[in-house]
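Enquirer: The sequence shown maps to residues 1 to 301 in our numbering. Positions of the beta carbon are idealized from the N, C-alpha and C atoms, including for glycine. From a predicted model like this one, the values you see are computed outputs, not experimental measurements. First the structure, then my questions, so here it is.
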Amino acid sequence: MRVFDGHCDTAFELWRRNEALANNTCHIDLGKITQFEAYAQVFAFCSMAGTSLATRQLLKEPLEVLRQNVQKFDQHIAFAETAIQISSLHEKKKAAALLSLEGAELIDCSIERLPALRADGFRICTLTWNADNMLAGCHLGNEGLSAKGADFVRMAQKLGIYIDVSHLGERAFWNLAEITQKPILASHSNCRSLCNHSRNLTDDQLSLIAQTGGTVGLNLYVPFLGENADFSTLRRHLEHMLRLCGEDHVALGGDLDGCDVLPKGFIHVGNYVDFYDYLSSCGYGAALLDKIFYQNLLELF
Numbered sequence: 001m002r003v004f005d006g007h008c009d010t011a012f013e014l015w016r017r018n019e020a021l022a023n024n025t026c027h028i029d030l031g032k033i034t035q036f037e038a039y040a041q042v043f044a045f046c047s048m049a050g051t052s053l054a055t056r057q058l059l060k061e062p063l064e065v066l067r068q069n070v071q072k073f074d075q076h077i078a079f080a081e082t083a084i085q086i087s088s089l090h091e092k093k094k095a096a097a098l099l100s101l102e103g104a105e106l107i108d109c110s111i112e113r114l115p116a117l118r119a120d121g122f123r124i125c126t127l128t129w130n131a132d133n134m135l136a137g138c139h140l141g142n143e144g145l146s147a148k149g150a151d152f153v154r155m156a157q158k159l160g161i162y163i164d165v166s167h168l169g170e171r172a173f174w175n176l177a178e179i180t181q182k183p184i185l186a187s188h189s190n191c192r193s194l195c196n197h198s199r200n201l202t203d204d205q206l207s208l209i210a211q212t213g214g215t216v217g218l219n220l221y222v223p224f225l226g227e228n229a230d231f232s233t234l235r236r237h238l239e240h241m242l243r244l245c246g247e248d249h250v251a252l253g254g255d256l257d258g259c260d261v262l263p264k265g266f267i268h269v270g271n272y273v274d275f276y277d278y279l280s281s282c283g284y285g286a287a288l289l290d291k292i293f294y295q296n297l298l299e300l301f
C-alpha cells in the first residue's frame, strides 16, 4: 500500500524532544514507514499563536532539524515539491517530505515574505492557527478575510502555495471561496455534521472544496471524531466525505504528533496498514483505497 499524509507536527516534536527522524518516540519515524510501498508526508510548522515560543523555536530551528535529518538519512527520504519529484523518489524507494506553514504569523503575515517561503520549498499555508490575525479569522470566532488576507491569498496562489483552510473560520472560508483561483485544501479536518467541533467542516464547506478541485484530509484526533472513536468512527467520517466530495477529493491528514488522543487501533503511523485492512474488509476496493491513501493528494501537486 501507498500512503500520502497531508499533515503532521513531527518536525517540531523532533526539535522539542531532541530526537532523530530515523528512530524516535514520535508517531512518525523512518522505521515505522518502511512497511509502505511508497510514503509521502507533509511536515507542518505551527505558529502556536498565543504561546511564548518565538518564531525561531517554531519555524527556523525545527525546520533546520528536519533538514539535517533528511540530509543525514538521504538514502531513505528526500524533500519534494511536485508530484513528479514525489513519484521519482518513490521509484527510488525513498519517502518524500513536503513543507507546510500552519499559521501565517510565522512570516509576520507578510505578503512580501511569501516568495522566500516558496523558495524554501513550502507548498501549503494556513492563514491562521487557533487565533485571529490580520489576515483572517480562525475557527474559534466569526471574523472574515481581511483585504490584506485576500491579497495574501492571491499572491500565495500565484506562487504555487495552496491555501489550507483547516483552522480557518467559517466566515473567512466563504470569503476565500469567493476569490480563490486554485483548489482549496483542508489538510486535517473532519465532518461537523458527525462531530460538532469548530475545527470540522460543514457539509456545504466539504462540497465547495471538492468543487474547487481540492482535497479534505481525514484527521485522527479524537475530539474531532467523537467520543470513544475507533476505526468505525473514522469510516463514518470518511464515508460522509465521500458522499459529499466524491472519491477524487478525500485524503489522509492524520495530524500525527500534533494530537495526543488517537482513536482505538491507532498508536503511530504504522497503523495506517490496519486501517487500510479494516476498510478493505468493509468492501472498499483497492483502487478507491489507493485514491484515499495516496493518489488524491499526489495529483494536487
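Using only the alpha-carbon positions, how far apart do Asp274 and Thr212 sit?
Expert: Approximately 31 Å between the Cα atoms of the pair.
Enquirer: Arg113: buried (16+ other C-beta within 10 angstroms of its C-beta) or exposed?
Expert: exposed
Enquirer: Using CA coordinates, which residue listed in Gln157, Leu185, Val153 is at the minimum distance from Val165?
Expert: Leu185
Enquirer: For the 8 Å Cβ check, are there 3 or more pairs between the segment 126-136 and the segment 88-98?
Expert: no
Enquirer: What residue ranges within the segment 100-132 form continuous beta strand (DSSP E) runs of no fewer than 3 residues, ordered along the chain?
Expert: 122-126
Enquirer: Would you mind working out which of Lys291, Leu101, Glu64 sits nearest Cys46, comparing C-alpha positions?
Expert: With distances taken between Cα atoms, Cys46 lies closest to Leu101.
Enquirer: Run the CB neighbour count on Asn175, radius 10 Å, all protein chains shown included, and call it buried at 16 or more, exposed below.
Expert: buried
Enquirer: Can you name the start and end residues of the beta strand (DSSP E) that Ile332 belongs to?
Expert: Outside the modelled stretch of the chain, which goes from 1 to 301, sits residue 332, for which no answer is possible.
Enquirer: Determine the direct distance from the alpha carbon of Met1 to that of Ser359, and round the result to whole angstroms.
Expert: Residue 359 is absent from the model: the chain starts at 1 and stops at 301.
Enquirer: Can you tell me whether DSSP reads Arg192 as helix, strand or coil?
Expert: coil
Enquirer: Kindly confirm or deny that the segment 259-275 and the segment 195-207 touch, where touching means at least three C-beta pairs closer than 8 Å.
Expert: no
Enquirer: Using the Cα positions of Leu300 and Asn24, report the straight-line distance between them to the nearest angstrom.
Expert: 30 Å
Enquirer: Would you check if the distance between the CB atom of Ala97 and the CB atom of Gln57 is smaller than 7 Å?
Expert: no
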